Ligand SMILES: C[S@@+](CC[C@H](N)C(=O)[O-])C[C@H]1O[C@@H](n2cnc3c(N)ncnc32)[C@H](O)[C@@H]1O
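Residue numbers (my numbering): 1392 to 1721.
As structure tokens, this is what we get:
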């Protein structure tokens, strides 16, 4: 393995790889920038979350987010007939913010470096902002075909360079999910997300896949003529996804139609696709949010009301919740 020396950075590794083998697929760029074991953004031991990090997630709004998600999972367990082995697998569990709220379940967080999860289980695969962090490739629509955009290093910076027309599984992805893109629009090809759906469908014997993230349906593609790649650093969204690889997060909106249709081919039925606000409101309405909001002190009650407001009106309007169901085999 090519181990980086003490001064290696994600940028220098990427430059070396381009010098060795030519322009890179964007998924390779993301893989090194975010997940290289020593210099990747998520692997360097620096905490990307919270006030002093680069971004907030809904999961950090504890305990309210955890209480509402636990209520949703309880309802799903009941719909499955309360199986004793009911297991909740969380993909991309990050700082384990959900561990406390989900302690009543057999809870199995999956993170980089601790990706041991049951080979067969009944229950729910839950994730919040997992799919948007997975590597994607990039292309531009040119009439009937899509041309891949690769990353090159020229004149002292990373730049896009045009590659060949898409072929193989990339072309099949574009044909299935990206045909609503306008001519000259930039698009992302999320094969890694589909591979995760394959893994989920293989291991989940029966139960639900509950995915929270921001993203678009194929019909909404027209809203993103420049594509959806974004970088986050110190709470600022940046469009320059190449600046400082390894030092800033890179995300792509989730292609929900791809998750739904690919899931359906794998036997996962779409139960509901709605805003996060609608999903959380349904979870809280049974008791008028009393469980989520009740606390011994006025200060804590106020903190929780603010969390709920941020969840329903901040995250809730941009984030979406997809619920898929895998029925048991007879
Ligand atoms: C945007 S963070 C979200 C973390 C957490 N769910 C939250 O909402 O705060 C995405 C997480 O997915 C994890 N992740 C990305 N690829 C992964 C993989 N292949 N296996 C396990 N975890 C992964 C990252 O390490 C990161 O912690």
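A virtual CB, placed ideally from N, CA and C, is assigned to each residue, including glycine. For clarity, every value in this text was computed on a predicted model and none was experimentally measured.
Close-in-space but distant-in-sequence residues of the same chain around residue i (CB under 7 Å, 5 per side omitted)
i, result
"residue 1702", "1449, 1452, 1455, 1456 and 1671"
"residue 1553", "1538 and 1540"
"residue 1688", "none"
"residue 1686", "1692 and 1695"
Burial state of residue i (16 or more Cβ within 10 Å)
i, result
"residue 1721", "exposed"
"residue 1466", "exposed"
"residue 1614", "exposed"
"residue 1493", "buried"
"residue 1483", "buried"
"residue 1704", "exposed"
"residue 1598", "buried"
"residue 1617", "exposed"
"residue 1651", "buried"
"residue 1602", "buried"
"residue 1659", "buried"
"residue 1572", "buried"
"residue 1610", "exposed"
"residue 1547", "exposed"
"residue 1563", "exposed"
"residue 1488", "buried"
For residue j and residue i, the rounded distance between their alpha carbons
i, j, result
"residue 1589", "residue 1657", "7 Å"
"residue 1743", "residue 1591", "With the chain running from 1392 to 1721 in the structure shown, residue 1743 is simply not present."
"residue 1501", "residue 1519", "12 Å"
"residue 1565", "residue 1682", "45 Å"
"residue 1710", "residue 1486", "20 Å"
"residue 1417", "residue 1605", "20 Å"
"residue 1529", "residue 1474", "42 Å"
"residue 1517", "residue 1674", "15 Å"
"residue 1396", "residue 1619", "Because the pLDDT of residue 1396 is 48, which lies under 50, any placement of that residue in the model is unreliable, and the question is left without a value."
"residue 1543", "residue 1600", "37 Å"
"residue 1414", "residue 1550", "10 Å"
"residue 1504", "residue 1428", "9 Å"
"residue 1676", "residue 1668", "12 Å"
"residue 1578", "residue 1586", "19 Å"
"residue 1423", "residue 1435", "12 Å"
"residue 1691", "residue 1471", "35 Å"
"residue 1490", "residue 1694", "20 Å"
"residue 1567", "residue 1678", "42 Å"
"residue 1507", "residue 1593", "15 Å"
"residue 1459", "residue 1666", "14 Å"
"residue 1718", "residue 1706", "30 Å"
"residue 1569", "residue 1647", "12 Å"
"residue 1399", "residue 1631", "22 Å"
"residue 1463", "residue 1407", "48 Å"
"residue 1722", "residue 1412", "Any answer about residue 1722 is impossible in this case: the structure gives the chain only from 1392 up to 1721."
"residue 1708", "residue 1461", "20 Å"
Per DSSP, the bridge partner or partners of residue i
i, result
"residue 1472", "Bridge partners of residue 1472: none, in fact."
"residue 1540", "1529 and 1553"
"residue 1498", "1479"
"residue 1507", "None, per the DSSP bridge assignment."
"residue 1665", "1712"
"residue 1564", "According to DSSP, residue 1564 bridges with nothing at all."
"residue 1717", "1598"
"residue 1417", "In the DSSP output, where bridge partners are listed per residue, residue 1417 has none listed."
"residue 1548", "1545"
"residue 1430", "Note: residue 1430 sits in no beta bridge, so no partner."
"residue 1518", "1482 and 1602"
"residue 1513", "1597"
"residue 1660", "1716"
"residue 1577", "1531"
"residue 1646", "1607"
Contacting residues, own chain, Cβ-Cβ under 8 Å from residue i (five flanking each side not counted)
i, result
"residue 1634", "1622"
"residue 1524", "1425, 1433, 1483, 1640 and 1642"
"residue 1405", "1415, 1420, 1423, 1424, 1542, 1544, 1549 and 1636"
Same chain, Cβ closer than 6 Å to residue i, neighbours up to 5 away in sequence not counted
i, result
"residue 1421", "1526 and 1641"
"residue 1664", "1713"
"residue 1607", "1644"
"residue 1576", "1532 and 1616"
"residue 1468", "1477"
"residue 1561", "1580"
"residue 1654", "1588 and 1715"
"residue 1612", "1571 and 1572"
Distance between beta carbons of residue j and residue i, contact taken as under 8 Å
i, j, result
"residue 1581", "residue 1649", "6 Å"
"residue 1645", "residue 1716", "Actually they are not in contact, since the Cβ atoms of residue 1645 and residue 1716 sit about 19 Å apart, beyond 8 Å."
"residue 1480", "residue 1499", "5 Å"
"residue 1522", "residue 1584", "5 Å"
"residue 1536", "residue 1509", "Incorrect: roughly 42 Å between the Cβ atoms, too far for contact."
"residue 1596", "residue 1511", "5 Å"
"residue 1401", "residue 1430", "5 Å"
"residue 1699", "residue 1684", "7 Å"
"residue 1574", "residue 1534", "6 Å"
Residue i CB to nearest heavy atom of ligand 2 below 6 Å
i, result
"residue 1433", "Only ligand 1 can be found as ligands here, which leaves ligand 2 out of the picture."
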